[in-house]
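Okay, so the sequence shown: first residue is 1 according to full-length UniProt numbering, each after it adds one.
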Amino acid sequence: VAEKPLLADTDLNHNKQALEKDADNLKMQENAAHQANLQQLCRICGVSFKTDRYKRSHPVHGPVDSETQGLLRKKEKRATSWPDLIAKVFKIDVRGDIDTIHPTRFCHNCWSIIHRKFSNAPCEVYFPRNSTMDWKSHSPNCTVCYTARRGVKRKNQPSNLQLGKRLKIIAERARKTKGVKKQVQVNNKNLMKKIANCKK
1 VAEKPLLADT
11 DLNHNKQALE
21 KDADNLKMQE
31 NAAHQANLQQ
41 LCRICGVSFK
51 TDRYKRSHPV
61 HGPVDSETQG
71 LLRKKEKRAT
81 SWPDLIAKVF
91 KIDVRGDIDT
101 IHPTRFCHNC
111 WSIIHRKFSN
121 APCEVYFPRN
131 STMDWKSHSP
141 NCTVCYTARR
151 GVKRKNQPSN
161 LQLGKRLKII
171 AERARKTKGV
181 KKQVQVNNKN
191 LMKKIANCKK
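Shown next as structure tokens:
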């Protein structure tokens with residue numbers, strides 16, 4: 001009689017271990033998906049790289065590209081790495097970034113802002129936010145994963161009944177004017193024939 005509860009306990013332990021293992025696997029999958037979503041976003045402004053037609057992005061860490069290097073030489077600036085430039089322009093320290101929390105690349109728009117800062121050339125650049133992004137670690141209500149899964153919802157325009165009515169009226173008027181114009185053209189042709197056939 002004492003053996004049955006012992007077997008039930010071992011079965012419960014196996015089930016508990018299997019559930020914990022499944023939960024760990026699920027958490028690892030969620031973290032991997034979160035990191036994949038982060039790789040699609042700009043470190044500075046948080047905009048998706050999908051918005052750029054050419055899918056241009058630049059690494060947050062490492063040396064600057066040759067174009068930026070040439071610009072910095074002209075201006076006699078000493079910064080040679082992206083972390084230095086990002087710190088100067090956007091006041092963000094990216095040296096302490098963690099790959100599971102922060103994206104590792106920034107968009108071409110932010111790259112253009114850096115270039116505008118160090119060049120005198122007038123350049124129209126739009127910064128999409130009032131401030132830089134504040135990145136947090138993955139959680140059940142993670143904004144990075146939530147917007148990536150659903151997409152950014154656009155505002156629906158309420159159906160305007162007046163607009164539909166106005167379009168019908170405009171189409172009706174166009175039809176009527178077209179008929180009137182045809183009648184005028186026919187009358188003009190008849191008049192021209194009468195004038196041509198007229199004898200002095």
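All C-beta atoms in this analysis are idealised placements derived from N, C-alpha and C, irrespective of residue type, glycine included.
- Closest by C-alpha distance to H108, out of K16, K55, R95, K77, is K55.
- Per DSSP, C42 lies in no alpha helix (DSSP H) segment and is marked neither H nor E.
- Here the alpha carbon of V89 sits roughly 39 Å from the alpha carbon of L26.
- Residue pairing of S119 in beta bridges, as defined by DSSP: absent, with no partner found.
- By the criterion of at least three beta-carbon pairs nearer than 8 Å, the segment 60 to 72 is in contact with the segment 80 to 88.
- The shortest C-alpha to C-alpha distance from D134 to any of H115, L12, D97, N120 is the one to D97.
- DSSP places C110 within a helical segment (H, G or I) once states are collapsed to three.
- Bounds of any alpha helix (DSSP H) do not take in S81, whose DSSP letter is neither H nor E.
- Just so you know, the alpha carbons of D99 and Q35 end up roughly 7 Å apart.
- The straight-line gap separating the alpha-carbon atoms of E76 and D93 is approximately 22 Å.
- Residue environment for S57: buried (at least 16 other C-beta atoms within 10 angstroms of its C-beta).
- Note on geometry: alpha-carbon atoms of E172 and K178 lie some 10 Å from one another.
- Non-local beta-carbon contacts of Q39 in its own chain, meaning distances under 8 Å to residues more than five positions away in sequence, involve P103, T104, R105 in chain order.
- Its Cα nearest to that of A33, the residue Y146 stands out among R166, K194, Y146, A174.
- The alpha-carbon of K16 is positioned some 10 Å away from that of T10.
- Excluding its 5 nearest sequence neighbours in each direction, K117 has C-beta neighbours in its own chain below 6 Å: V89, listed in chain order.
- In chain order, F90, F106, C110, T132 place their CB closer than 6 Å to the CB of I44, counting only its own chain and leaving out the 5 sequence neighbours on each side.
- With fewer than 16 neighbouring CB atoms inside 10 Å of its own CB, I169 falls in the exposed class.
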